[in-house]
Amino acid sequence: MEDKKDFRKAQLEDLPNLLNLYLGSIELMGLKGIDQWDDVYPNELVLTQDVVNQELFVLEEEDGLAAAIVLNEEQEPQYRYVDWKYHTGKVGVIHRLCVNAGYQGRGCGKKIARFAEEYFRGQDFNAIRLDAFPKNLPAIHLYQSLGYEHCGRILLRKGVFHCFEKSLTVELQEEQML
């Protein structure tokens, strides 16, 4: 597990750096033909609310913010139409996982996703859900490599998104049996 001090809740004073992190990622995704995010979402208001709600976490490296993620229990209304596998206990949701454009390919996405799992597991959540943009193949490959299972699709503002889910209790039971 990564050193816990590398991860922290974002503060309001982080907002300029957070905006740069997301804008840089949006620009890089655009160059790759991934139009998942834009000037409408995620915007400064959304990120500010994430920070105020204490739901935005960052991975900090020596020279700045390497990645950010929002962790809460808020599911899109469309999630009710997805064939989820895990229905008991608390379910955490990952939103707006973003890796700084300058840190792409260094494992920061995996680090912050693993942090999310530890965070939710530490609060007795039973599963994690998320949605991913179909054109964002690096994100989809990341989630699949971490054991997230495809459970369906939903329609959001930018089109169809894939929904993924992972049990935290099944994984914990498997680890305990080893």
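Heads up, the sequence shown is in numbering that gives the first Met the number 0, so the first residue is 0 and it goes up one at a time. Glycine included, C-beta positions come from ideal geometry on N, C-alpha and C.
Quick one: Cα of residue i to Cα of residue j, how far?
{"i": "phenylalanine 160", "j": "leucine 136", "result": "12 Å"}
{"i": "alanine 138", "j": "glutamate 59", "result": "20 Å"}
{"i": "glycine 91", "j": "leucine 30", "result": "31 Å"}
{"i": "glutamine 35", "j": "glycine 121", "result": "31 Å"}
{"i": "leucine 145", "j": "isoleucine 68", "result": "16 Å"}
{"i": "aspartate 26", "j": "aspartate 38", "result": "Here the sequence assigns glutamate to residue 26, which means aspartate is not the residue at that position. Glutamate 26 and aspartate 38: Cα-Cα distance of roughly 10 Å."}
{"i": "tyrosine 118", "j": "aspartate 130", "result": "19 Å"}
{"i": "glycine 158", "j": "arginine 79", "result": "17 Å"}
{"i": "arginine 128", "j": "glutamate 72", "result": "9 Å"}
{"i": "lysine 192", "j": "asparagine 52", "result": "The question about residue 192 has no answer, for the chain in this structure spans 0 to 177."}
{"i": "valine 81", "j": "glutamate 116", "result": "21 Å"}
{"i": "tryptophan 83", "j": "alanine 9", "result": "30 Å"}
{"i": "tyrosine 40", "j": "glycine 32", "result": "17 Å"}
{"i": "tyrosine 147", "j": "histidine 140", "result": "10 Å"}
{"i": "glycine 104", "j": "isoleucine 111", "result": "13 Å"}
Give me whichever residues DSSP pairs with residue i in a beta bridge.
{"i": "isoleucine 153", "result": "Phe160"}
{"i": "glutamate 148", "result": "Glu164"}
{"i": "asparagine 71", "result": "Val92"}
Name the residue from the options whose alpha carbon lies nearest to the alpha carbon of residue i.
{"i": "histidine 149", "options": "Leu17, Gly158, Cys162", "result": "Cys162"}
{"i": "isoleucine 153", "options": "Leu46, Asn16, Phe132", "result": "Phe132"}
{"i": "aspartate 49", "options": "Leu96, Tyr142, Leu129", "result": "Leu96"}
{"i": "leucine 70", "options": "Ser166, Leu55, Gln77, Leu46", "result": "Leu55"}
{"i": "leucine 14", "options": "Leu64, Phe6, Tyr118", "result": "Leu64"}
{"i": "tyrosine 142", "options": "Ile93, Pro41, Arg7", "result": "Ile93"}
{"i": "glutamate 43", "options": "Glu61, Met28, Tyr21", "result": "Tyr21"}
{"i": "glutamate 61", "options": "Tyr102, Val51, Glu12", "result": "Tyr102"}
{"i": "threonine 168", "options": "Asp123, His140, Tyr147", "result": "Asp123"}
Whose C-beta lies closer than 6 Å to the C-beta of residue i among residues of the same chain, with five residues either side of it excluded?
{"i": "glycine 88", "result": "Asn125"}
{"i": "serine 166", "result": "Tyr85, Ala126"}
{"i": "leucine 178", "result": "Any question about residue 178 goes unanswered here, given that the chain covers just 0 to 177."}
{"i": "alanine 100", "result": "Gly23, Ser24, Leu27"}
{"i": "glycine 151", "result": "Val81, Asp82, Cys162"}
{"i": "valine 98", "result": "Ala66, Cys107, Gly108"}
{"i": "methionine 0", "result": "Residue confidence for methionine 0 is low, a pLDDT of 43 falling below 50, so the modelled location carries little weight; the figure read from the coordinates is stated next. Cβ neighbours of methionine 0 beyond the five flanking positions: none."}
For my contact list, residue i and residue j are in at a C-beta cut-off of 8 Å; report their separation, rounded to the angstrom.
{"i": "glycine 23", "j": "alanine 66", "result": "The pair is not a contact, with the Cβ atoms about 12 Å apart (cut-off 8 Å)."}
{"i": "arginine 7", "j": "valine 57", "result": "6 Å"}
{"i": "glutamine 74", "j": "leucine 155", "result": "Glutamine 74 to leucine 155, Cβ: 12 Å. No contact."}
Near residue i, which residues of its chain fall below 8 Å by C-beta distance, leaving aside the five closest residues on each side in sequence?
{"i": "asparagine 19", "result": "none"}
{"i": "leucine 11", "result": "Thr47, Val50, Val51"}
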